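For the sequence shown, the residue numbers in my numbering are 2 to 181.
Read through the structure below, which is laid out as structure tokens, and then see the notes.
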Amino acid sequence: MLEKAAGKDPLFPYWAQVWPAAKALCEMIAAQPELVKDKTVLELAAGIGLPALLAARFAKNIVASDYIQDAVDIMQRSVIHNNIHNIQTALIDWNYLPAAIKPDVLLLSDINYDPASFEILFAVLRRFMEQGATILLSTPQRLAGRTFMERMETWCKQQKEIEIMHHGALVYTSVWIMKQ
2 MLEKAAGKDP LFPYWAQVWP AAKALCEMIA AQPELVKDKT VLELAAGIGL PALLAARFAK
62 NIVASDYIQD AVDIMQRSVI HNNIHNIQTA LIDWNYLPAA IKPDVLLLSD INYDPASFEI
122 LFAVLRRFME QGATILLSTP QRLAGRTFME RMETWCKQQK EIEIMHHGAL VYTSVWIMKQ
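Okay, here's the thing in structure tokens:
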């Protein structure tokens, strides 16, 4: 982030880092594996796919996706390296979702940071909930995402606040379980 603020390219792409929200989502899955147990799971905008990799221990099958090919390639390497057989990786952009995608559970972490994408994200989440999916959404508590989360409150069935240590500082992260 400091590099970006200084007008420089970041040392690593944003998707190539383990963010506090991904760690918090993993904590929730580890504490409540029944959320994904024996279910079909989709992680959108997965980056390196840490939550999907953990969920694979419990889920029936998983699609770990991102809209950036390099991210998908890294996830595929992790799947192969860890000898995980119930994960597929896919290049998926939430702006152009195939109609056939109908997971039982949708995983999302740290996706509500850009107000310009809030309308499409709201439509994506509403679509999956209307199909009966449960959504596990983790987000750091930041002002930019507040209006988005307020709009999602009506579907929140459970919320947990998790403190994550990140680069020597505590980051307060919310994990929401949403269902229509």
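We treat Cβ as the ideally placed atom computed from N, Cα and C, and that holds for glycine.
Note that the structure is predicted; figures quoted are calculated from it, not measured.
Quick check: the Cα distance between residue i and residue j, rounded to an integer number of angstroms?
i, j, result
"residue 2", "residue 15", "Below a pLDDT of 50, predicted positions are generally treated as unreliable, and residue 2, at 42, falls in that range; no measurement from the model is reported."
"residue 141", "residue 22", "6 angstroms"
"residue 73", "residue 64", "11 angstroms"
"residue 37", "residue 103", "14 angstroms"
"residue 159", "residue 70", "33 angstroms"
"residue 180", "residue 157", "7 angstroms"
"residue 17", "residue 75", "9 angstroms"
"residue 68", "residue 138", "18 angstroms"
"residue 112", "residue 34", "22 angstroms"
"residue 32", "residue 55", "12 angstroms"
"residue 177", "residue 168", "24 angstroms"
"residue 153", "residue 175", "13 angstroms"
"residue 165", "residue 155", "26 angstroms"
"residue 25", "residue 39", "21 angstroms"
Shortest alpha-carbon distance to residue i belongs to which of the options?
i, options, result
"residue 1", "43, 127, 110, 152", "No statement about residue 1 is possible, as the shown extent of the chain runs from 2 to 181 and does not include it."
"residue 85", "66, 57, 162", "57"
"residue 60", "87, 71, 149, 24", "87"
"residue 117", "149, 30, 29", "149"
"residue 101", "115, 128, 121, 169", "128"
"residue 162", "29, 39, 17", "29"
"residue 151", "167, 131, 119", "119"
"residue 211", "172, 62, 114, 83", "The chain is shown from 2 up to 181; residue 211 falls before or after that span and cannot be answered."
If I'm right that residue i touches residue j with Cβ under 8 angstroms, what's the distance once you round it to whole angstroms?
i, j, result
"residue 124", "residue 105", "No, residue 124 and residue 105 are not in contact; Cβ-Cβ is about 20 angstroms, not under 8 angstroms."
"residue 66", "residue 90", "7 angstroms"
"residue 46", "residue 109", "7 angstroms"
From the DSSP output, which residues share a beta bridge with residue i?
i, result
"residue 141", "174"
Quiz item: Are at least three pairs of beta-carbons, each pair with one atom in the region 51-62 and one in the region 72-87, less than 8 angstroms apart?
Solution: The region 51-62 and the region 72-87 touch, with no fewer than 3 CB-CB distances between them shorter than 8 angstroms.
Self-check item: the region 96-104 in contact with the region 141-154 per 3-pair CB rule at 8 angstroms
Solution: By the Cβ rule, the region 96-104 does not count as touching the region 141-154, because fewer than three pairs are nearer than 8 angstroms.
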